[in-house]
Amino acid sequence: MSSSLARAATVGVLAVLPLTGALALSTPAAHADKCTEVLTSLEFTGTHVAAEKFRICEGGGVIPLSVTIQQKDPSTGLWKTVASGVGGAAYACQGSSPSKRYRLAGGSSAGVLMPCA
Numbered sequence: 017m018s019s020s021l022a023r024a025a026t027v028g029v030l031a032v033l034p035l036t037g038a039l040a041l042s043t044p045a046a047h048a049d050k051c052t053e054v055l056t057s058l059e060f061t062g063t064h065v066a067a068e069k070f071r072i073c074e075g076g077g078v079i080p081l082s083v084t085i086q087q088k089d090p091s092t093g094l095w096k097t098v099a100s101g102v103g104g105a106a107y108a109c110q111g112s113s114p115s116k117r118y119r120l121a122g123g124s125s126a127g128v129l130m131p132c133a
């Protein structure tokens, strides 16, 4: 093969590579993993009020979600954020806690009574 033909063949191959890469990127995924179920928990550990919030996927994946623990002020009846995080959050019980009623933000207005002292 002459050097000019070899150069032309190399240029032709290099010109085609970006095009095939672009075509491969535009192909849709064969199966999209559905992540619809949301798992939440709020519990007392003995020293902390702890919360978790995750989205569960059909393929076994877990996506951590934003979670916020709120404490009810007994004098005003308003909810105050005491801890927040992604996937999990914890509030260390304090002896002078004005209230022992907690909830996840956006949850039940009554909250849950915890033995947090």
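Taking the working numbering, the leading residue of the sequence shown gets 17, the next gets one more, and so forth.
Even glycine gets a Cβ: it sits at the ideal position worked out from N, Cα and C.
Beta strand (DSSP E) segment containing residue i, residue limits
i, result
"L120", "117-120"
"Q86", "82-88"
"L58", "53-60"
"T97", "95-102"
"E74", "Premise fails: E74 is in no beta strand (DSSP E) and is neither H nor E."
For residue j and residue i, the rounded distance between their alpha carbons
i, j, result
"K96", "F70", "22 Å"
"G93", "G75", "42 Å"
"G132", "T84", "The sequence shown places Cys at residue 132, rather than the Gly named in the question. In a straight line, the C-alpha of C132 is about 17 Å away from that of T84."
"V65", "R117", "10 Å"
"S115", "C109", "10 Å"
"S100", "Q87", "12 Å"
"G62", "G111", "13 Å"
"V102", "E68", "8 Å"
"D89", "I72", "33 Å"
Exposure label - residue i; buried when at least 16 CB within 10 Å
i, result
"V78", "exposed"
"V54", "exposed"
"A105", "buried"
"L58", "buried"
"L129", "exposed"
"K50", "exposed"
"A126", "exposed"
CB-CB length for residue i against residue j, believed under 8 Å
i, j, result
"T56", "L120", "6 Å"
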